[in-house]
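Structure, as structure tokens:
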Amino acid sequence: MRRRSPSSSHMSTDTHGGAPADTKIPSMLDLVHLSRRPMFPPGGVDLCRQIALLTGMKEGGEVLVVPSGLAVTLEHFVQEYGVNGSGVEDDPVMLDRAENRLRTIGLLEHVHVQPGEMDGLPFQDGIFDVVIAELGFTAKVSPEAAVAELVRVAKPGAAVVLIQPVWKAPVDPARRRILSEHLGCAPLMVVEWKRCLLEAGIEGLHTENWSDEETAFRPQITKPFPDFAELFTFGEKLGILGRARRRWGWAGVWTALARQREVHKLLTHERILGLDLVMGMKRRAAKIDPEGVSIGAAGGVDVASDGTGTIEKEQVSGLPLFQEEGKEPS
Numbered sequence: 001m002r003r004r005s006p007s008s009s010h011m012s013t014d015t016h017g018g019a020p021a022d023t024k025i026p027s028m029l030d031l032v033h034l035s036r037r038p039m040f041p042p043g044g045v046d047l048c049r050q051i052a053l054l055t056g057m058k059e060g061g062e063v064l065v066v067p068s069g070l071a072v073t074l075e076h077f078v079q080e081y082g083v084n085g086s087g088v089e090d091d092p093v094m095l096d097r098a099e100n101r102l103r104t105i106g107l108l109e110h111v112h113v114q115p116g117e118m119d120g121l122p123f124q125d126g127i128f129d130v131v132i133a134e135l136g137f138t139a140k141v142s143p144e145a146a147v148a149e150l151v152r153v154a155k156p157g158a159a160v161v162l163i164q165p166v167w168k169a170p171v172d173p174a175r176r177r178i179l180s181e182h183l184g185c186a187p188l189m190v191v192e193w194k195r196c197l198l199e200a201g202i203e204g205l206h207t208e209n210w211s212d213e214e215t216a217f218r219p220q221i222t223k224p225f226p227d228f229a230e231l232f233t234f235g236e237k238l239g240i241l242g243r244a245r246r247r248w249g250w251a252g253v254w255t256a257l258a259r260q261r262e263v264h265k266l267l268t269h270e271r272i273l274g275l276d277l278v279m280g281m282k283r284r285a286a287k288i289d290p291e292g293v294s295i296g297a298a299g300g301v302d303v304a305s306d307g308t309g310t311i312e313k314e315q316v317s318g319l320p321l322f323q324e325e326g327k328e329p330s
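1 is the number of the first residue of the sequence shown in the working numbering; add one for each residue after it.
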């Protein structure tokens, strides 16, 4: 009978679908990021255009995208709308690839990407006109901390936009955790994203579902997450898996492939995951009149004169698409 080596007898138990528990397993988002092909996040160029429309994006505006990935979204906003683009990326390999790509296409002077964490953005308070959070911005930090940072660096009255996967049905905590590990991001219910924004100082909430029915501005149904099984050609998959092997080893790659089948099933059959746009405007500082009554800067939030309570409501009056006729945005 063959004896096990001492090292194998002390090996961690298998909790990763075939790999030891201490093996680093790449998520689906990790594998997608290894692609050599620059791609828009879920929602594509149609979603980018809708964001620009909703936020009133205009030439000379300061736009931040986190995490910035290969800066595909930033490239679009800079070229199409003449904005000043900034991005933060917490993956040094991805950041290096983004800088090389921007240098190659001649945009390195117009799109500035830098390293940083999603719960500690390397910017001063209140400097961006539009702040956009894309897939993966809560992969390593809590949603509350990440959203608070988005709001901190936005100007008063600026638009804060979340493009995030959302649970469309209740999911028990254990399965949430496992699926989040597989995906490489942490989906929430829409109501949970709204709560994060409201608590961070965002008002005038507006939501759109980008993964169900087709609409005039969304001609195709969007999958809420990049589907590795359908997104890449056979040759591209081989290249991605080869790069993954060099980074995580065969054990990690084989387990990731097993996860991929589960994620594909989640995206195509169970349909408990959606893609939503959730946005609002950063609350402006309230003005105090001589009577001691606090008046919201946009007129949308009234505060009781005795200071004992507030009346807060969701509104769309601050969004460019919902201005009263003949009235300019503030």
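We treat Cβ as the ideally placed atom computed from N, Cα and C, and that holds for glycine.
Neighbourhood of residue i by C-beta distance below 6 Å, restricted to the same chain and skipping five residues each side
i, result
"residue 116", "88, 122"
"residue 63", "77, 83, 85, 130"
"residue 108", "102"
"residue 53", "none"
"residue 41", "134, 135"
"residue 248", "24, 26"
Nearest neighbour of residue i, chosen from the options [CA to CA]
i, options, result
"residue 206", "279, 86, 131", "279"
"residue 333", "79, 237, 284", "With the chain covering 1 to 330 only, the question about residue 333 has no answer from this structure."
"residue 56", "71, 174, 81", "81"
"residue 281", "48, 238, 245, 155", "155"
"residue 24", "252, 75, 272, 118", "252"
"residue 120", "140, 111, 106, 134", "140"
"residue 199", "146, 167, 186, 245", "146"
"residue 133", "170, 168, 157, 187", "187"
"residue 178", "203, 256, 106", "256"
"residue 91", "105, 113, 75, 104", "113"
"residue 70", "46, 241, 249, 32", "32"
"residue 111", "124, 105, 74", "74"
"residue 138", "124, 118, 157, 271", "118"
"residue 143", "165, 246, 254", "165"
"residue 44", "244, 135, 248", "135"
"residue 204", "190, 157, 233, 232", "157"
Environment of residue i [buried if 16+ CB atoms lie within 10 Å]
i, result
"residue 211", "buried"
"residue 216", "Confidence at residue 216 is low in this model, with a pLDDT of 37, below 50, so the placement of that residue should be treated as unreliable; the coordinate-derived value is given next. By the neighbour-count rule (16 or more Cβ atoms within 10 Å), residue 216 is not buried but exposed."
"residue 213", "Its pLDDT being 49, under 50, residue 213 is placed unreliably by the model, and the measurement read from it follows with that caveat. Burial call: exposed."
"residue 21", "Because residue 21 sits at a pLDDT of 41, beneath the cut-off of 50, its placement in the model cannot be relied upon, and the following sentence gives the value as read from the coordinates. Per the 10 Å Cβ criterion, exposed."
"residue 170", "exposed"
"residue 128", "buried"
"residue 218", "Legend: pLDDT at residue 218 = 41, less than 50; position of this residue unreliable, value from coordinates given subsequently. When all chains shown are included, residue 218 counts as buried."
"residue 47", "buried"
"residue 105", "exposed"
"residue 250", "exposed"
"residue 50", "buried"
"residue 232", "buried"
"residue 242", "exposed"
Integer Cβ distance of residue i from residue j, believed to fall under 8 Å
i, j, result
"residue 66", "residue 38", "About 18 Å; that fails the 8 Å criterion."
"residue 273", "residue 167", "7 Å"
"residue 202", "residue 283", "7 Å"
Same chain, Cβ closer than 8 Å to residue i, five either side skipped, listed in chain order
i, result
"residue 236", "35, 36, 37"
Beta-carbon contacts of residue i that lie in its chain and below 7 Å, excluding the five residues immediately before and after
i, result
"residue 209", "274, 276"
"residue 1", "The pLDDT assigned to residue 1 is 38, lower than 50, so where the model puts this residue is not dependable; a value taken from the coordinates is nonetheless given after this. For residue 1, where only same-chain residues beyond five positions count, there are no Cβ hits under 7 Å."
"residue 189", "166, 167"
"residue 234", "none"
Worksheet item: Would you call the segment 158-171 and the segment 93-102 in contact, with 3 or more CB pairs under 8 Å?
Response: no
Item to complete: Determine contact between the segment 25-41 and the segment 149-159, defined as no fewer than three beta-carbon pairs at a distance below 8 Å.
Response: no
Practice prompt. Report yes or no: do three or more beta-carbon pairs, one from the segment 172-186 and one from the segment 254-265, lie closer than 8 Å?
Written response: yes
Worksheet item: Is there contact here, the segment 194-202 with the segment 167-174, by at least three beta-carbon pairs under 8 Å?
Response: no
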